[in-house]
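Mapping of the sequence shown onto numbering that gives the first Met the number 0: residues 0 to 243, in sequence order. Beta carbons: idealized from backbone N, C-alpha and C, even for Gly. The structure presented is a predicted model; accordingly, all values stated were derived computationally and were not measured. Some notes on the structure that comes next.
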Amino acid sequence: MKNTFQAHFLIAAVCFILGMMLVAQFRSVQINGGAITSLQRAQELTSELKNVIDEREMLKKEITELRGRLTEYENSASKVSGLTDAMKKELEKARMTAGLLEGTGPGVVITLDDSNVPRQPGEDPNLFLIHDEDLLKVVNELFAAGAEAVSINGQRIIANSEIRCVGPTIIVNSVRLAPPFIVQAIGDPDTLESSLKMRGGIIESLQVFGIQVSIKKQDNIEMPAYNGPVQFNYFKPVKAGEKQ
């Protein structure tokens, strides 16, 4: 009986010792495993931090490059804008020269009407009427005196405007006009008036036959734009470098 008790005691003691050893070993594994896990996590965080820093440096470099491109684009846009403004001014000047823009300015207004002088028997009645050549002479005189824009009864005179008699009317820009003819011209009023009133000039020659003429200087004349067709069926411009 005594031997049995001792055997059981020894077995219990051995089991206790083994249990304590297992617990100690388990704790050691836990501690070592926690240390390994913490080390791995630290290494991962260090790697992630390095990646973030590298990515930030790349982004800073890209931002610097983009800013440089933006500056180049802004400079180019400024040059293009300046060129565009210059082209717009040239285009507007060309349209003004071509008579395609309406405008205002000082000048003179000339009113021409057929003669109301009683005709003597045998006199040619055509001498007392305004003809296309009379209007042509007036217009030419105005342009020669520096007129920048001329119109007849609201029809703007341009390079290819026709002024010709058709029966009792005069056609200007394919529009039939009848007297009185109101000629507007923008330019220096004094110069334009003097050119028309010069001795032996067009106005004096018209007044010989009683043609009614009045000239008035004005500070502001409203000049219409040419609104007819502009076609070039045969003329073709020669580009730079293509001239033979």
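Beta strand (DSSP E) runs contained entirely in the stretch 129-180, provided each spans 3 or more residues
148-151, 162-165, 168-171, 174-176
Measuring alpha carbon to alpha carbon, tell me which of THR190, SER114, ILE185 ends up nearest ALA144.
Here residue 144 is taken as the residue at index 145 of the sequence shown, counted from 1. Of THR190, SER114, ILE185, the residue nearest in Cα terms is THR190.
When the Cα of ASP218 is compared with those of VAL108, GLU101, GLY209, LYS136, which residue comes out closest?
Locating residue 218 in the sequence shown gives position 219, counting from the first residue. ASP218 has its Cα closest to that of VAL108, out of VAL108, GLU101, GLY209, LYS136.
Just the C-alpha distance for ALA93 and VAL207, rounded to the nearest angstrom, thanks.
What you label residue 93 is simply residue 94 of the sequence shown in a count that begins at 1. What you label residue 207 is simply residue 208 of the sequence shown in a count that begins at 1. In a straight line, the C-alpha of ALA93 is about 40 Å away from that of VAL207.
Span separating the alpha-carbon of ARG118 from that of PRO124:
Here residue 118 corresponds to residue number 119 of the sequence shown, with the count starting at 1. Here residue 124 corresponds to residue number 125 of the sequence shown, with the count starting at 1. Looking at the two C-alpha atoms, the distance is approximately 7 Å.
Give me, in chain order, the residues of the same chain whose beta-carbon lies closer than 7 Å to that of CYS164; leave out the 5 immediate sequence neighbours on both sides.
The sequence position of residue 164 within the sequence shown is 165, counting from 1. Excluding sequence neighbours, CYS164 sits near HIS130, ASP131.
Go ahead and label ALA177 buried or exposed: buried means 16 or more other beta carbons lie within 10 angstroms of its beta carbon, across all protein chains shown.
Here residue 177 corresponds to residue number 178 of the sequence shown, with the count starting at 1. Exposed, since its Cβ has fewer than 16 Cβ neighbours within 10 Å.
Can you check which of these residues, MET197, ASN50, VAL171, LEU141, is closest to ILE185 by C-alpha distance?
What you label residue 185 is simply residue 186 of the sequence shown in a count that begins at 1. It is LEU141.
To the nearest angstrom, report how far apart TYR233 and ALA148 are at their CA atoms.
Working through the sequence shown from its first residue, we reach residue 233 at position 234. Working through the sequence shown from its first residue, we reach residue 148 at position 149. Spanning the two alpha carbons is a distance of roughly 27 Å.
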